[in-house]
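Here the structure is laid out as structure tokens; the discussion comes afterwards.
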DNA sequence: ACATTTGTTAACCATTTGGTTAAACTAATA
DNA sequence: TATTAGTTTAACCAAATGGTTAACAAATGT
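Structure below.
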């Protein structure tokens with residue numbers, strides 16, 4: 027057999043499964059649909075991944091593993107909180123514009139199965155806030171930032187960055203934007219969000 | 027027949043459907059499961075609501091109709107932006123603590139079926155930002171607020187308030203909180219979030 | 001009292017769905 | 001070139017699922 031072809035079929039399946047699972051969710055996805063998307067026989071899905079559940083987990087883990095490094099990189103580098111916020115906002119928004127279904131997929135499946143995150147947490151490389159917390163407290167002590175709880179600040183940062191992708195249909199409707207102007211709206215958040223946060227927490 | 031009993035059966039179904047649909051989503055929900063939850067025969071679901079789709083829509087519309095007035099009340103009253111933000115943050119968080127599955131349910135289903143919001147928009151009472159925008163611009167001109175785009179501000183407000191309910195499993199894992207301390211965390215956001223926003227936009 | 005409408009149930013049905021099987025095919029190896 | 005191991009396919013299967021039906025029960029109106 028040909029190892030290259032092995033991989034391409036296996037990867038074609040994962041790719042197709044990613045598309046279907048991320049748009050329709052675990053429950054809404056059909057094995058046949060994934061097979062069609064990958065242009066292979068349905069039996070191949072089971073040949074390579076055994077069951078829908080295992081195929082789903084392969085997709086989910088891959089999706090999650092795309093997000094964690096983004097967070098870690100910024101939480102653990104040595105830059106100032108202001109720089110962290112600027113970098114994160116810029117990078118994360120750019121990344122999400124390329125993977126717009128990802129936040130919804132992860133959040134929905136995690137909410138449907140809360141125990142699932144316990145498994146992920148055991149993984150090395152699961153984001154850790156310790157260094158970020160220390161840095162926040164340090165800058166508060168130095169008078170750079172006004173007093174704020176680091177957990178609250180962290181949640182505020184990710185909320186402001188992720189929500190536009192989660193709530194896109196809602197926001198589009200509320201603010202009366204079409205696809206194009208919504209894209210511009212999100213694009214402008216790359217800088218607006220960090221200004222907004224820094225305005226709030228930086229001692230002036 | 028007995029009109030009171032009619033209503034209770036019909037309402038028992040809607041109540042059960044709400045529980046199941048909101049936790050499992052349209053695709054994950056089973057008609058039999060809803061019937062069991064309501065402790066009635068499965069055929070009754072079809073007798074009163076015709077199909078799964080229509081039952082789902084009844085649940086969805088009811089859920090959505092709980093959110094819209096909350097938004098409208100605050101967008102359209104005559105208070106200052108600062109008061110709007112304080113009221114909204116306090117009220118919305120309290121409300122969501124009582125209906126924690128609501129945001130996820132609405133956001134997930136809306137993302138799976140983007141056209142669906144068009145129907146909702148035709149409804150009278152669909153939230154409208156005009157008055158809010160005018161008030162924001164007014165306060166900017168008066169020098170109360172620093173310049174900020176009203177749409178961006180609006181998205182920031184709802185992002186900061188809704189995200190803790192959408193991303194609960196994620197945030198719990200990242201910040202290492204158990205159920206109780208997460209509850210306290212969210213509780214404290216009732217005031218923290220408005221302080222955070224006002225800090226950012228109020229001219230000092 | 002009786003016919004009619006409304007509500008409820010159990011059994012049933014067609015279709016869909018995840019998953020299996022066995023045979024056919026491919027390509028490297030001995 | 002025969003063997004072997006891995007790959008792919010079509011046909012199949014049992015269980016689950018949304019939905020229907022027909023008989024029965026309980027109100028309601030006349």
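Residue numbers (this note's numbering), protein chains in the order written: chain A, 27 to 230; chain B, 27 to 230. Every residue, glycine too, gets a C-beta built ideally from N, C-alpha and C. Keep in mind it's a predicted model, so treat the numbers as computed, not measured.
How about residue 56 of chain B: is its C-beta nearer than 8 Å to some C-beta of chain A?
No, its Cβ sits nowhere closer than 8 Å to a Cβ of chain A.
What does the alpha-carbon distance come out to for the pair residue 122 of chain B and residue 130 of chain B?
Cα to Cα, the separation comes out at about 11 Å.
Residue 115 of chain B: buried (16+ other C-beta within 10 angstroms of its C-beta) or exposed?
buried
Using a C-beta to C-beta distance shorter than 7 Å, which residues of chain B count as neighbours of residue 47 of chain A?
The premise fails here: residue 47 of chain A is roughly 12 Å from chain B at the closest Cβ pair, so nothing lies under 7 Å.
Curious, which full-length alpha helix (DSSP H) runs of at least 4 residues does the stretch 109 to 191 of chain A contain?
128 to 138, 142 to 148, 156 to 167
Give me the subset of the stretch 139 to 153 of chain A whose CB atoms are less than 7 Å from a CB atom of chain B, sorted by chain position.
Here the close residues are 140, 143, 147, 153.
If you reduce the DSSP assignment to three classes, tell me which class residue 65 of chain A lands in.
It is coil, neither helix nor strand.
Are any of the Cβ atoms in chain B nearer than 8 Å to that of residue 218 of chain A?
yes
Taking DSSP as the reference, what is the three-state secondary structure of residue 228 of chain B?
strand
Beta-carbon within less than 6 Å of residue 212 of chain B's beta-carbon, same chain only, minus the 5 sequence neighbours each way: which residues are those?
190, listed in sequence order.
Taking 8 Å as the CB-CB limit, is residue 178 of chain A close to chain B?
Judged by the 8 Å Cβ criterion, residue 178 of chain A is in contact with chain B.
Have a look at residue 209 of chain A and residue 168 of chain A and give me their C-alpha separation to the nearest angstrom.
CA-CA distance, residue 209 of chain A to residue 168 of chain A, rounds to 39 Å.
Are the Cβ atoms of residue 63 of chain A and residue 94 of chain A separated by less than 8 Å?
Not a contact, by the Cβ cut-off of 8 Å.
Do residue 133 of chain B and residue 192 of chain A have their C-beta atoms closer together than 8 Å?
yes
Does the stretch 148 to 164 of chain A come close enough to the stretch 84 to 101 of chain A that 3 or more CB-CB pairs lie under 8 Å?
yes
Can you pull the chain A neighbours of residue 190 of chain B, defined as C-beta to C-beta under 9 Å?
Result: 181, 185.
Could you check how far apart the C-beta atoms of residue 222 of chain A and residue 182 of chain B are, in whole angstroms? I think they sit under 8 Å.
With a Cβ gap of about 6 Å, residue 222 of chain A and residue 182 of chain B count as contacting.
Assuming residue 155 of chain A and residue 101 of chain A form a contact by the criterion Cβ under 8 Å, report the distance between their Cβ atoms to the nearest whole angstrom.
6 Å
Could you check whether the Cβ of residue 77 of chain B sits closer than 8 Å to any Cβ belonging to chain A?
no
Given a limit of 7 Å on CB to CB distance, which residues of the stretch 97 to 130 of chain B reach chain A?
Contacts with chain A (Cβ-Cβ distance below 7 Å) from the stretch 97 to 130 of chain B involve 130, listed in chain order.
Apart from the five residues on each side of it in sequence, which residues of its chain come closer than 7 Å, Cβ to Cβ, to residue 118 of chain B?
96, 187
Report the residue from B:185, B:195, B:194 whose alpha carbon sits nearest the alpha carbon of residue 220 of chain B.
Ranking the options by Cα distance to residue 220 of chain B, first place goes to B:185.
On the three-state DSSP scale, how would you describe residue 89 of chain B?
Looking at residue 89 of chain B - three-state DSSP - the assignment turns out to be helix.
Are the CB atoms of residue 206 of chain B and residue 127 of chain B nearer to each other than 8 Å?
no
Under 7 Å Cβ to Cβ from residue 146 of chain B, same chain only, skipping five residues before and after it: list those, please.
90, 152
Shorter than 8 Å from the beta carbon of residue 61 of chain A to some beta carbon of chain B?
False, the Cβ-Cβ gap to chain B never drops below 8 Å.
Quick one: grab the DSSP three-state call for residue 94 of chain A.
helix
Cβ atoms of residue 36 of chain A and residue 46 of chain A: under 8 Å apart, would you say?
no
Quick check: the Cα distance between residue 176 of chain A and residue 195 of chain B, rounded to an integer number of angstroms?
18 Å
Could you please tell me which residues of the stretch 197 to 226 of chain B, in chain order, have their CB closer than 9 Å to any CB of chain A?
197, 198, 199, 200, 201, 202, 203, 211, 214, 215, 218, 219, 221, 222, 223, 224, 225, 226
Checking contacts by CB at 8 Å: is residue 50 of chain A closer than that to chain B?
Taking CB atoms only, residue 50 of chain A has a neighbour in chain B less than 8 Å away.
Considering just the uninterrupted stretch of the alpha helix (DSSP H) at residue 203 of chain B, what are its terminal residues?
That residue, residue 203 of chain B, is in no alpha helix (DSSP H); it is neither H nor E in DSSP.
Flag residue 2 of chain B as yes if its beta-carbon sits less than 8 Å from any beta-carbon of chain A, otherwise no.
With chain B represented from 27 up to 230, any question about residue 2 of chain B goes unanswered, as that position is not in the structure.
Between the alpha carbons of residue 50 of chain A and residue 83 of chain B, how many angstroms are there, rounded?
18 Å
If you draw a straight line from the C-alpha of residue 38 of chain B to the C-alpha of residue 86 of chain B, how long is it?
16 Å
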